[in-house]
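Reminder that position 15 of the sequence shown reads as 20 in the working numbering, one-by-one numbering, no gaps.
Structure record follows, encoded as structure tokens.
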Amino acid sequence: MKKILLLITLTIGILGAAFTQNQKHAYIDSEYILGNIPEYKEAQRELDRLAANWQKDIEKQFASIDSMYKKYQVEAITLPDNLKQKREDAIIKAEQDAKDLQKKRFGKDGDLFKKREELVKPIQDRVFNAIEALAKDKGYAFIFDTAGSMTIVYADPKFDLNDLVLSRLGITVKD
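Below, the structure written as structure tokens:
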């Protein structure tokens, strides 16, 4: 019984090794590919422009709040309690409004995230579709992305598909 179990395990191991040796692997660098797509560069510039403008608006609001607070500190000594409370409430409300705007613009599902989805996702989808088509055409079982956190210690340049993916997207890279 032990011999049969050992034989079955050994056979499965050999077949598994043989199967993986017949699979083709390749790699891409998504940052390199996206960096060579003019629409992606333009989308990134637009996102950077929007983010900078929104950040300026938020900074202006916080500067205004800071000014309100400093003015309040100077006048607080002479203000009656009911006016003190109104000013404090106004400062707190202004601060909350600024924080809400900051969250609306830069939060998890904020305006910047939505704009990135609108501008960048279609480009990323095109790249993924080109990679998928290339993998199917060339018979690759795996295509790794070297741009992410995955570490590849060595990669033979003959398995680099970056320029083929860009070619499928109709983009010629100038060296």
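Virtual Cβ for every residue (Gly too), placed ideally from N, Cα, C.
- prompt: Opposite Ile33 in the DSSP bridges: which residues?
  reply: Ile33 has Asp150 as its beta-bridge partners, per DSSP.
query: Where does Asp105 fall in DSSP's three states?
result: Look at Asp105 here: in three-state DSSP terms it is helix.
- request: Thinking Arg110 and Ala138 are a contact (beta carbons under 8 angstroms), I'd like their distance in whole angstroms, please.
  value: About 37 angstroms separates the Cβ atoms of Arg110 and Ala138, ruling out a contact at the 8 angstroms cut-off.
task: Return the bridge partner residues of Asp168 from the DSSP annotation.
output: When beta bridges are read from the DSSP output, Asp168 appears opposite no residue.
field: Inter-residue spacing [alpha-carbon to alpha-carbon] between Ser35 and Ala68
entry: Note on geometry: alpha-carbon atoms of Ser35 and Ala68 lie some 40 angstroms from one another.
query: Does the distance from the CB of Val170 to the CB of Ala146 come in under 7 angstroms?
result: No; because the gap between Cβ atoms is not below 7 angstroms, this pair is not in contact.
Residues near Ala31 in its chain [Cβ-Cβ closer than 6 angstroms; skip 5 each side]: If we look at Ala31 and ignore the five residues flanking it on each side, its Cβ neighbours are Tyr145, Ile148, Phe164, Leu166.
message: Less than 7 angstroms between C-beta atoms, sequence neighbours within five positions excluded: which residues of the same chain meet that for Ile176?
response: Result list for Ile176: Asn41, Ile42, in chain order.
7 angstroms Cβ cutoff met for Ile70 and Glu93: Going by C-beta atoms, Ile70 is not nearer than 7 angstroms to Glu93.
- request: Give the range of the alpha helix (DSSP H) segment to which Lys179 is assigned.
  value: First-last for Lys179: undefined, no H or E at that position.
message: Contact between the stretch 114-127 and the stretch 49-66 is defined here as three or more beta-carbon pairs at a separation below 8 angstroms; is this criterion met?
response: Here the stretch 114-127 makes contact with the stretch 49-66; the two share three or more CB pairs at distances below 8 angstroms.
- prompt: With distances taken between CB atoms, is the gap from Ala103 to Gln66 smaller than 7 angstroms?
  reply: Taking 7 angstroms as the Cβ cut-off, Ala103 and Gln66 qualify as a contacting pair.
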